[in-house]
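Okay, so here's the structure we're looking at.
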Amino acid sequence: MSEKLEKLKIKNAQKRLLERFRFLNIEEIINSNDEKGEKFFAEFRNSGIWNYENKAVKSFSFHNKGLINRDLYHLQHKKAQIFFIEKIKSLPNDFVWITLSENDIYFFVKVSLSILCKYLDTWFEEYPDFEVFIPNQYALALHDAEYEWEVLEKILN
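Using the working numbering, the letters of the sequence shown correspond one by one to residues 4 to 160.
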């Protein structure tokens, strides 16, 4: 894909994302495909949250002897969401960065923590797993692992 076409695709995805999530009053948006975005996403990845050694703060299994149970999957997802929401609501910051995607383009968006908290109870209908990031301080993720939902956390300093 030509560079010009790629930039247009990103611009359109960003516009749709801003419209769709207008209720979050997005303060700033960074896409993963520009230089600033690449550095920001690398900082998140390098936080260690996805490292194998970084064990889940809490896991919610949805299998029975290796067989995935769809009802249990949804029930455990709800439990994981509740725990994840509690972790987010306990953060002391005014603003956080969260990941969103549109048309397979990933963005970090800066939002007010208080506004995000207002919508967390309905958030997961559209976004079953996403990440929260406070640069140089904190990373949190709700992740659909192979046989369980995991809440991953990394305190940075």
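All C-beta atoms, glycine included, are put in the ideal place defined by N, C-alpha and C.
- Separation of I13 and I108 (C-alpha to C-alpha, rounded to the nearest whole angstrom) is 7 angstroms.
- Bounds of the beta strand (DSSP E) holding K61 are 61-64.
- Beta-bridge partners assigned by DSSP to Y109: S104.
- Three or more pairs of CB atoms, one per stretch, sit closer than 8 angstroms, so the region 130-143 contacts the region 79-94.
- Secondary structure of Y122 (DSSP, three-state): helix.
- DSSP places K92 inside the alpha helix (DSSP H), whose first and last residues are 73-92.
- Residue environment analysis places L78 among the exposed positions, since fewer than 16 neighbouring C-beta atoms fall within 10 angstroms of its C-beta.
- Residue burial annotation: A45 is exposed, with fewer than 16 other C-beta atoms found within 10 angstroms of its C-beta.
- Residue burial is scored here from C-beta neighbours: S5 has fewer than 16 other C-beta atoms within 10 angstroms and is therefore classed as exposed.
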